[in-house]
Amino acid sequence: MSEATLQLQSQSAVDHVVTLAIRGTIHGSEGNLITAEDFPVPLGAVVEIQRAVGTSIHGQVVGFRSGLTLISPFHEPNGIGPGSLVRLLKSHRRISVTPFLRGRVIDALGQPIDGKGPLPPGQWRSILREAPIATQRPRIDEVLSTGVRSLDGLLTCGVGQRMGVFAGSGVGKSVTMGMIARNTSADINVISLIGERGREVNEFIHDSLGEEGLKRSVVVVATSDQPALLRVQSAYVATAIAEYFRDQRNSVLLLMDSLTRFAMAQREIGLAAGEPPTTRGYPPSVFSMLPRLVERAGRTELGSITAFYTVLVEGDDANEPISDAVRGLLDGHTYLNRKLAAKGHYPAIDISTSLSRLMNELVGPEHRAAAVHLRSMLAKYAENEDLIVIGAYRTGSNLEVDQAIALRPAILAYLQQGMHEPCDAQEALKKLLAVAQAKPTAPPAR
35 MSEATLQLQS QSAVDHVVTL AIRGTIHGSE GNLITAEDFP VPLGAVVEIQ RAVGTSIHGQ
95 VVGFRSGLTL ISPFHEPNGI GPGSLVRLLK SHRRISVTPF LRGRVIDALG QPIDGKGPLP
155 PGQWRSILRE APIATQRPRI DEVLSTGVRS LDGLLTCGVG QRMGVFAGSG VGKSVTMGMI
215 ARNTSADINV ISLIGERGRE VNEFIHDSLG EEGLKRSVVV VATSDQPALL RVQSAYVATA
275 IAEYFRDQRN SVLLLMDSLT RFAMAQREIG LAAGEPPTTR GYPPSVFSML PRLVERAGRT
335 ELGSITAFYT VLVEGDDANE PISDAVRGLL DGHTYLNRKL AAKGHYPAID ISTSLSRLMN
395 ELVGPEHRAA AVHLRSMLAK YAENEDLIVI GAYRTGSNLE VDQAIALRPA ILAYLQQGMH
455 EPCDAQEALK KLLAVAQAKP TAPPAR
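Each residue of the sequence shown is one higher than the one before, starting from 35 at the first, in the working numbering.
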């Protein structure tokens, strides 16, 4: 018997003894939390609470107050009252990971919810792990093809980069994420749907992701009606699964929709546990958890996790607290514009306000020059759009504006892309160069 097996069996025996030894009783409830007394367990421990009807529910320890242990339940705490028994199950939260997760849809507890049967046993991993050491991260020097032409051409992303997708509700985040998941050059996708409406989950899986996309993906779901603890945990479970596949020497694409709902769920837990509210009611724990979560993505010696985190911009305010905090943590930001979406321009990416911080290090001089030229044409047209629309601009007044007007149809055709229209990075570059190198004929003088 190997030394590792003996260690696992020894640890299992210790866990069993500790689990049986540490018990307590329910004292009462405070908001969405349950309080227990005479229950000295560590923060983050998973516990089991007995109901009056004989069944039990699980929960997690989220804090302590005045000698009481605060527990956030995984399920509705119906049937629990003062004096109900509570016992320690695990000192920390773990999930079983296996290659057979590919193509499956699971919940925040790691259980399948797709009707395809149970998962085979796998390796147990903690969902809370330290990020790779900064000095041991290899440099990002390889382009990741997202399959979205405007991203690959003008906001080029590298393998191991972390990008934010910022948008209000109903602007096309899910469709854009589905396009990336179907067409990316990554080996496997891990997709976390946090706080989504139940109807939207099936729509994303069957319409946006599709059968081919699902075959190379793991989808972790925590809908809006589930307790806040599960919505928070789903982000950690998805990241732990991505780390498992990364350590198998894969290029992993982690898509999380949305980081805002993760923060809002933690706000519920933090406020209930007695944390002081800060900006817009978010407690300090939210702003300490965000960097610990996103820093786990990136490149290592074994593999890589390229991450796209969506941020739900409240009221289309790009400077609201979560947007502002996340923008400073990531390696680039992509803004989806409601006005573009209203015009039927999809994906509704606002190139003028979006940025990939690593693009200049990833692409060659010709690609870089073409992207700068196209951006300048977009900016020049935007500066004079009001005059152009009302017919007050006189052709020939400014050669750059004339060129921006002449190239406008080709630029818009490049930026718009059908939902089921694949386009890899090489094709995106080829079409970008064609648009940038086009020499429009001079319009007749007026």
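Even for Gly, the Cβ is constructed at its ideal location relative to N, Cα and C.
Check whether T59 and G113 have beta carbons under 9 Å apart: No.
Which full runs of the alpha helix (DSSP H) of 4+ residues lie inside the stretch 142-226, going along the chain? Taking only runs of at least 4 residues, the alpha helix (DSSP H) segments lying wholly in the stretch 142-226 are 183-188 and 207-217.
Tell me whether I56 sits in a helix, a strand or coil according to DSSP, three-state version. The answer is coil: DSSP assigns I56 none of H, G, I, E or B.
Alpha carbon to alpha carbon, how far is H401 from F200? Give it in angstroms, no decimals. Straight across, the Cα-Cα distance linking F200 with H401 is about 25 Å.
Terminal residues of the continuous beta strand (DSSP E) containing V87? First-last for V87: undefined, no H or E at that position.
State the CB to CB distance for the pair Q300 and V266, rounded to an integer number of angstroms; the pair is presumed to be in contact (CB under 8 Å). Right, the Cβ-Cβ distance comes to about 5 Å (below 8 Å), so this counts as a contact.
Please return the same chain residues whose Cβ sits closer than 7 Å to the Cβ of P318, not counting the five positions on each side in sequence. Exclusion of the five residues before and after P318 leaves E309 and T312 as the residues of its chain whose Cβ lies within less than 7 Å of its Cβ.
For T132, I'd like the list of residues in its chain whose CB is within less than 8 Å of its CB, leaving aside the five on either flank, ordered along the chain. If we look at T132 and ignore the five residues flanking it on each side, its Cβ neighbours are L153, P154, P155, G156 and Q157.
Whole angstroms is fine: what's the gap from R231's alpha carbon to D291's? Going from the Cα of R231 to the Cα of D291 covers about 12 Å.
Which listed residue (R138, S386 and I147) has its alpha carbon closest to that of E417: When each option's Cα is compared against that of E417, the closest is S386.
Any idea if N223 is buried or exposed, counting beta-carbon neighbours within 10 angstroms, 16 or more meaning buried? Flag for N223 reads buried.
Proximity to G137 [Cα-Cα], best of M298, I275, G366 and R330: Of the candidates M298, I275, G366 and R330, the one whose C-alpha sits nearest the C-alpha of G137 is I275.
Just to confirm, is the Cβ distance from A459 to T180 under 9 Å? In contact: A459 and T180 (Cβ atoms closer than 9 Å).
According to DSSP, which residues form a beta bridge with F239? For the sequence presented, residue 239 should be read as Ile rather than Phe. For I239, DSSP records no beta bridge to any residue.
Could you have a look at V48 and say whether DSSP puts it in helix, strand or coil? Only weak support exists for where V48 lies, its pLDDT of 40 falling under 50; the value from the coordinates is given anyway. V48: helix per DSSP, three-state reduction.
Leaving out five residues on either side along the sequence, give the residues of the same chain with a beta carbon under 7 Å from the beta carbon of A70. Closer than 7 Å at Cβ, skipping near neighbours: G58, T59, I60, H61, L102, T103, I105 and V120.
Within 10 angstroms of the Cβ of A297, are there 16 or more other Cβ atoms? Answer buried if so, exposed if not. Of the residues assessed, A297 falls on the buried side of the cut-off, its CB having 16 or more other CB atoms within 10 angstroms.
If you reduce the DSSP assignment to three classes, tell me which class S285 lands in. In the displayed model, S285 falls within a strand according to three-state DSSP.
Quick check on E302: buried or exposed, where buried means 16 or more other Cβ atoms within 10 Å of its Cβ? By the Cβ-count criterion, E302 is buried, with 16 or more other Cβ atoms from all chains shown falling within 10 Å of its own Cβ.
Which residues in the same chain have their Cβ closer than 8 Å to the Cβ of A413, if we skip the five residues on either side of it in sequence? Excluding its 5 nearest sequence neighbours in each direction, A413 has C-beta neighbours in its own chain below 8 Å: S386, listed in chain order.
To which residues does DSSP link T429 through a beta bridge? Checking the DSSP bridge columns, you'll see T429 has no partner listed.
P166 beta carbon less than 9 Å from that of T334: In contact: T334 and P166 (Cβ atoms closer than 9 Å).
Do A79 and L122 have their C-beta atoms closer together than 9 Å? A79 places its beta carbon less than 9 Å from that of L122.
If you count every other CB in all the chains shown that lies within 10 Å of the CB of V406, and 16 or more means buried, which is it? The residue in question, V406, is exposed, as its Cβ has fewer than 16 Cβ neighbours within 10 Å.
Between the alpha carbons of G337 and S160, how many angstroms are there, rounded? Their Cα atoms are separated by approximately 19 Å.
Skipping 5 residues on each side, what residues in its chain have a beta carbon closer than 6 Å to that of E64? Result list for E64: empty, nothing under 6 Å.
Label S46 either buried or exposed according to how many other C-beta atoms from any shown protein chain fall within 10 Å of its C-beta, with 16 as the threshold for buried. With a pLDDT of only 44 at S46, under the threshold of 50, the placement of this residue in the model should not be trusted; the figure read from the coordinates follows. With fewer than 16 other Cβ atoms from the protein chains shown falling within 10 Å of its own Cβ, S46 counts as exposed.
Which term fits V87, buried or exposed, when burial requires 16 or more other beta carbons within 10 angstroms of its beta carbon? That one is exposed.
Which residues in the same chain as G93 place their Cβ atom closer than 7 Å to its Cβ, once the five residues preceding and following it in sequence are excluded? For G93, the CB contacts under 7 Å within the same chain, skipping 5 residues up- and downstream, are I68, V81, I83, I105, S106, P107 and F108 in chain order.
What is the DSSP secondary structure of I339, counted as helix, strand or coil? Reduced to three states, the DSSP call for I339 is strand.
Of the listed residues I225, Q282 and R295, nearest to D259 (C-alpha basis): Its Cα nearest to that of D259, the residue R295 stands out among I225, Q282 and R295.
Could you say which of A262, R409 and T257 lies nearest to L188 if we only look at CA atoms? Taking each of A262, R409 and T257 in turn and checking the Cα distance to L188, the smallest one comes out for R409.
Confirm, please, whether the CB-CB distance from C191 to G332 is below 9 Å. One thing to note: G332 has its Cβ no nearer than 9 Å to the Cβ of C191.
Go to S130, then tell me how far its beta strand (DSSP E) extends in each direction, as first and last residue. Residues R128 to V131.
Below 9 Å between beta carbons: does that hold for V235 and T210? In this structure, T210 does not lie closer than 9 Å to V235 by Cβ.
What beta strand (DSSP E) runs, 3 residues minimum, are completely inside the stretch 251-324? The stretch 251-324 contains these whole beta strand (DSSP E) runs: 251-257 and 285-291.
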